[in-house]
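Note sheet for the following structure.
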Amino acid sequence: MTDRHASGEPNRRPPIAVVVMAVIAVAILALPLVGLLQRTPWSSLGTTLGQAATLEALRVSVVVSLLAAAISVALGLPLAWVLARLSFRGRALVRAVVLLPMVLPPVVGGIALFFALGRRGLIGRALHNWFGLDTLIGTTAGAVIAAAFVSMPFFVITAEAGLRQLDPRLESAASTLGAGRWTVLRRITLPLLAPSLAAGATLSWARALGEFGATITFAGNHPGRTRTLPLAIAQANEAGQPEAAIAMSVLLIGVSLLILIGLRHRWTAPRTPRSPTSAEASPP
Amino acid sequence: MSVQAEIGSVDGDFSIQATFDAPAGTCTAIVGPNGAGKTTLVHALAGLIPVRQGRVLLAGQVVDDPAQGIRVPPDRRPIALHSQHNLLFPHLSVVDNVAFGIRCAGLATRPARRQAEAWLHKVGLADLAHLRPAQLSGGQAQRVGLARAAACQAQVLLLDESLASLDAKTRTDMRHLLADISATRVLITHDPVEARIMADQLLVMEQGRIVQAGAPEEVAADPQTPWIAGLLDINLLAGHATGTRVALDCGLALITATPMTGPVLVTFSPAAITLSATQPHTSARNTWEAQVAHVQPEGGRVRVLLGAPAPCHAWVTSQAANELGLSAGSKCWAALKATELTVREA
Chain A
529 MTDRHASGEP NRRPPIAVVV MAVIAVAILA LPLVGLLQRT PWSSLGTTLG
579 QAATLEALRV SVVVSLLAAA ISVALGLPLA WVLARLSFRG RALVRAVVLL
629 PMVLPPVVGG IALFFALGRR GLIGRALHNW FGLDTLIGTT AGAVIAAAFV
679 SMPFFVITAE AGLRQLDPRL ESAASTLGAG RWTVLRRITL PLLAPSLAAG
729 ATLSWARALG EFGATITFAG NHPGRTRTLP LAIAQANEAG QPEAAIAMSV
779 LLIGVSLLIL IGLRHRWTAP RTPRSPTSAE ASPP
Chain B
11 MSVQAEIGSV DGDFSIQATF DAPAGTCTAI VGPNGAGKTT LVHALAGLIP
61 VRQGRVLLAG QVVDDPAQGI RVPPDRRPIA LHSQHNLLFP HLSVVDNVAF
111 GIRCAGLATR PARRQAEAWL HKVGLADLAH LRPAQLSGGQ AQRVGLARAA
161 ACQAQVLLLD ESLASLDAKT RTDMRHLLAD ISATRVLITH DPVEARIMAD
211 QLLVMEQGRI VQAGAPEEVA ADPQTPWIAG LLDINLLAGH ATGTRVALDC
261 GLALITATPM TGPVLVTFSP AAITLSATQP HTSARNTWEA QVAHVQPEGG
311 RVRVLLGAPA PCHAWVTSQA ANELGLSAGS KCWAALKATE LTVREA
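Laid out in structure tokens, this is it:
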């Protein structure tokens, strides 16, 4: 804590070259958005977004992204714990496989899912034969799986980092005060991990919300079932309705910005102690 | 017997071997140089480190017996541990930290918090109940950690350097607090005075082994290794002060340079004592005729153990010891300057 204060020395003029490059970086990231906003038909935005097809795509997006985030948390947390706390042979390989969807083109993920879970796929055929479960392709469930495939790594990597930062001696200390496994988990581990879990869940939700490639490749583009906002945007753009595409893009940008701004607070607020200097100020 | 340990080895890279008994309600102090395995031993008692060979019984319950496949996890042992790193939970307020163990024992939130507040009052931190651990000073955090462990009211209280970062006055208060606790206490300390006055039993640990065990006075009178001899190379006498006069419990009265009132501890270096054959006429405010209990040459010098009236030891050269004809049972005069005495509240 004190290090942070010491290194955050005020009144040092930042090097010009660094500032210039930072500005260029921001420009690269922000200019396309400015271009989009400049072309946005603000007056007709409300009516465009109010169309039934748009609302339907928004509904599918919300349902699919929330379910995908829920799956990421439910399965990703145990996975993060295994990666952070257990040492076993092949852990590096497992971690690489888990993080692979972050670097793969989503369309590759979609193709892989298709050949695994499709009617003739390895698992798809088994599902069909054993449970009479027909193909996931073209269903909302399929879209959820595609979104979870690309978004879970974001949760796992954040939760694992949080677990690694957590001092395991705090959990031991709790046990020497009489706390059993569940009490330690409920009263120590999870509360201390909460900022990381919230950040990871939000990141993975945001990623699921923006998912396009794996969804369209694996689950298809069916209105009301798998056509999420990104798919609807691409559809509108190709169908020569750039105004609808722009309007929905603005909607997506707005939602994403809100998430990221909210996330920033999650990241910084709870973990740092309120004021390191107040110890001196408090009565001895 | 409240703590019975026969530890042959524990898991991990560190090898320790320790066998000792601590009767119920007693205080056992473990002393030893850094890296001697004191914390490892205490962690083994707590169940944080598995015992690979041996047996541990706490309050009559077998908690470790690898031969029979018994290994009770820390939370089901009748212990509470205060670690030297305090390890306060950063997301809980001070009072909720102290209430943690009380709640684990089954109490509801509100009565647990009330008990925790009472403990905070005992350690003098009632005002800080609602702060976060990050807002505490080192000494305050240590007292919160101590209160948190003591509040569990476990049958065995394990304390790893629990008083190390407290100022002299607070340290005395906390020592009294610990003396009033009925639990069997096992504490690690680096303070010779603390070890001498708090402990019923002293365990000296070096290189993972207990090299000497016994009542503190016994160990101080006959230290078995250079390290423990160095640590306990100080004379300690208890008494009652009235101004600069201290009536020692052993009967002798000493004049000091520090006026105090009430029960005190007087400490002085064994090198500060001058021995002579006849009653000396000297500036030293304190002289008395002493019985020599034991004479022990150590290197070029001689350790002279004085018995009645004030048990203490003195260092003299072998030459002086010969000239004075010191031997067990003989008598000599001891002189001690008032300015050599350190007096502190008992």
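Quick mapping for you: the protein sequence lines, in order, are chains A and B.
Residue numbering for the first sequence follows the numbering used here, starting at 529 and increasing by one per position.
Residue numbering for the second sequence follows the numbering used here, starting at 11 and increasing by one per position.
No residue lacks a Cβ here, since even glycine has one placed at the ideal position from N, Cα and C.
Since the model is a prediction, treat every value here as computed from it, not as a measurement.
Meets three-Cβ-pair contact criterion under 8 angstroms: the region 81 to 101 of chain B and the region 28 to 37 of chain B: no
If you count every other CB in all the chains shown that lies within 10 Å of the CB of B:H291, and 16 or more means buried, which is it? To locate residue 291 of chain B, count along the second sequence from 1; it is residue 281. Classification for B:H291: exposed.
Going by DSSP in three states, B:F99 sits in which element: helix, strand or coil? Position 89 of the second sequence, counted from the start, is the residue given in the question as residue 99 of chain B. In this structure, B:F99 counts as coil in the three-state DSSP scheme.
Fully enclosed by the region 169 to 244 of chain B, which alpha helix (DSSP H) runs are 4 residues long or longer? 178 to 189, 202 to 208, 226 to 231, 236 to 241
According to DSSP, is A:A807 part of a helix, a strand, or is it coil? As a first step, residue 807 of chain A must be located in the first sequence, where it is residue number 279. Confidence at A:A807 is low in this model, with a pLDDT of 38, below 50, so its placement is unreliable and the value that follows should be read with caution. Three-state DSSP puts A:A807 in a helix.
Could you pull out every residue in the same chain whose Cβ sits closer than 6 angstroms to the Cβ of B:G261, ignoring the five residues on either side in sequence? Against the second sequence, residue 261 of chain B aligns to sequence position 251. P319.
Which one of B:S175, B:M208, B:K179, B:I198 has the shortest CA to CA distance from B:D190? Within the second sequence, numbered from 1, the residue matching residue 190 of chain B stands at position 180. Checking every option, the nearest Cα to that of B:D190 belongs to B:M208.
Once DSSP output is grouped into helix, strand and coil, what is the label at B:S93? Position 83 of the second sequence, counted from the start, is the residue given in the question as residue 93 of chain B. The answer is coil: DSSP assigns B:S93 none of H, G, I, E or B.
Would you kindly work out how many angstroms separate the C-alpha atoms of B:L330 and B:D243, rounded to a whole number? As a first step, residue 330 of chain B must be located in the second sequence, where it is residue number 320. As a first step, residue 243 of chain B must be located in the second sequence, where it is residue number 233. The residue you asked about is not Leu; residue 330 of chain B is Ala in the sequence shown. Each residue's Cα considered, the two are about 20 angstroms apart.
As assigned by DSSP and simplified to three states, the class of B:N44: Your numbering for residue 44 of chain B matches position 34 in the second sequence. In this structure, B:N44 counts as coil in the three-state DSSP scheme.
At the 9 angstroms Cβ level, is B:F278 part of the contact set with chain A, yes or no? As a first step, residue 278 of chain B is located in the second sequence; it is residue number 268 there, counting from the start. B:F278 does not count as touching chain A.
For A:D695, name the three-state secondary structure that DSSP assigns. Taking the first residue of the first sequence as 1, we reach residue 695 of chain A at position 167. DSSP places A:D695 in coil when its eight states are reduced to three.
Alpha-carbon spacing of B:W298 relative to B:K347, whole angstroms: Locating residue 298 of chain B in the second sequence gives position 288, where the first residue counts as 1. Locating residue 347 of chain B in the second sequence gives position 337, where the first residue counts as 1. If I take the Cα positions, the gap works out to 12 angstroms.
Within chain B, the residues that A:S593 reaches when beta carbons sit closer than 7 angstroms: What you label residue 593 of chain A is simply residue 65 of the first sequence in a count that begins at 1. Those within 7 angstroms of A:S593 in chain B number zero; the least Cβ separation is about 29 angstroms.
Using CA atoms only, rank isn't needed, just tell me which of B:V203, B:M184, B:L212 is closest to B:V196. Working through the second sequence from its first residue, we reach residue 196 of chain B at position 186. Comparing Cα positions, the closest option is B:L212.
Under 8 angstroms by beta carbon: chain B residues contacting A:P543: Start at 1 with the first residue of the first sequence, and residue 543 of chain A comes out as number 15. Correct list: empty, because the minimum Cβ distance to chain B is about 33 angstroms.
So what's B:S19 in DSSP terms, helix, strand or just coil? As a working mapping, residue 19 of chain B is identified with position 9 in the second sequence. It is a strand residue.
Go through the region 709 to 745 of chain A residue by residue and report every complete run of the beta strand (DSSP E) that reaches 3 residues or more, in order. none
Measuring from the CB of B:A69, is there a heavy atom of the ligand MN at a distance below 8 angstroms? As for the ligand MN, it is missing from this structure, which has no ligand bound.
Straight-line Cα distance separating B:S103 from B:A54: As a first step, residue 54 of chain B is located in the second sequence; it is residue number 44 there, counting from the start. As a first step, residue 103 of chain B is located in the second sequence; it is residue number 93 there, counting from the start. Approximately 29 angstroms between the Cα atoms of the pair.
C-alpha distance - A:G578 paired with A:V588, whole-angstrom precision: As a position in the first sequence, residue 578 of chain A is number 50, starting the count at 1. As a position in the first sequence, residue 588 of chain A is number 60, starting the count at 1. Computed Cα separation, rounded: 15 angstroms.
Near B:T235, what residues of its chain come up, given a Cβ to Cβ distance below 8 angstroms and the 5 sequence neighbours on each side ignored? For the purposes of this step, residue 235 of chain B is identified with residue 225 of the second sequence, where counting begins at 1. Excluding residues within five positions, the ones whose Cβ falls inside 8 angstroms are V214, E216, V221, Q222.
Listing by chain order, which chain A residues have their CB less than 9 angstroms from the CB of B:A90? Working through the second sequence from its first residue, we reach residue 90 of chain B at position 80. Within 9 angstroms Cβ-Cβ: T704, L705, G706.
Can you grab the Cα-Cα spacing for the pair A:A550 / A:A727, in whole Å? Position 22 of the first sequence, counted from the first residue, corresponds to residue 550 of chain A. Position 199 of the first sequence, counted from the first residue, corresponds to residue 727 of chain A. Roughly 25 angstroms separates the two Cα atoms.
With H, G and I counted as helix, E and B as strand and the rest as coil, what does DSSP make of B:K347? By 1-based counting over the second sequence, the position of residue 347 of chain B is 337. Residue state, collapsed to three classes: coil.
CB-CB length for A:P758 against A:F740, believed under 8 angstroms: For the purposes of this step, residue 758 of chain A is identified with residue 230 of the first sequence, where counting begins at 1. For the purposes of this step, residue 740 of chain A is identified with residue 212 of the first sequence, where counting begins at 1. At roughly 4 angstroms, the Cβ-Cβ gap stays under 8 angstroms, so A:P758 and A:F740 are in contact.
What residue range does the alpha helix (DSSP H) around B:I283 cover? By 1-based counting over the second sequence, the position of residue 283 of chain B is 273. Boundaries around B:I283 are those of the beta strand (DSSP E), 283 to 286, since no alpha helix (DSSP H) includes it.
Tell me, to the nearest whole angstrom, how far the beta carbon of B:R62 is from that of B:D23; I am working on the premise that it is less than 8 angstroms. For the purposes of this step, residue 62 of chain B is taken as residue 52 along the second sequence, with counting starting at 1. For the purposes of this step, residue 23 of chain B is taken as residue 13 along the second sequence, with counting starting at 1. No, B:R62 and B:D23 are not in contact; Cβ-Cβ is about 12 angstroms, not under 8 angstroms.
Please list the partners that A:A701 has in chain B, where partner means a Cβ-to-Cβ separation under 7 angstroms. In the first sequence, residue 701 of chain A corresponds to position 173, counting from 1. Here the neighbours are S93, L97.
Less than 9 angstroms between CB atoms is the rule here; does B:A174 satisfy it with respect to chain A? Numbered from its first residue, the second sequence carries residue 174 of chain B at position 164. With 9 angstroms as the cut-off, B:A174 does not count as an interface residue toward chain A.
Tell me the start and end of each unbroken alpha helix (DSSP H) in the region 737 to 787 of chain A that is at least 4 residues and wholly inside, in chain order. 757 to 766
Can at least three beta-carbon pairs, one atom from the region 622 to 632 of chain A and one from the region 754 to 771 of chain A, be found at a separation below 8 angstroms? Counting Cβ pairs under 8 angstroms, fewer than three are found: no touch.
Report the three-state DSSP secondary structure of A:R613 (helix, strand or coil). One-based indexing of the first sequence puts residue 613 of chain A at position 85. It is helical.
Of all Cβ atoms in chain A, is any one closer than 9 angstroms to the Cβ of B:P33? To locate residue 33 of chain B, count along the second sequence from 1; it is residue 23. Closer than 9 angstroms: no.
Could you have a look at A:G559 and say whether DSSP puts it in helix, strand or coil? Here residue 559 of chain A refers to the residue found at position 31 when the first sequence is read from its first residue. Strictly speaking, residue 559 of chain A in this sequence is Leu, with Gly absent from that position. The answer is helix: DSSP assigns A:L559 an H, G or I state.
Using a Cβ cut-off of 8 angstroms, which residues of the region 149 to 169 of chain B contact any Cβ in chain A, in chain order? From the region 149 to 169 of chain B, only Q150, R158, A159, C162, A164, L168 have a Cβ closer than 8 angstroms to chain A.
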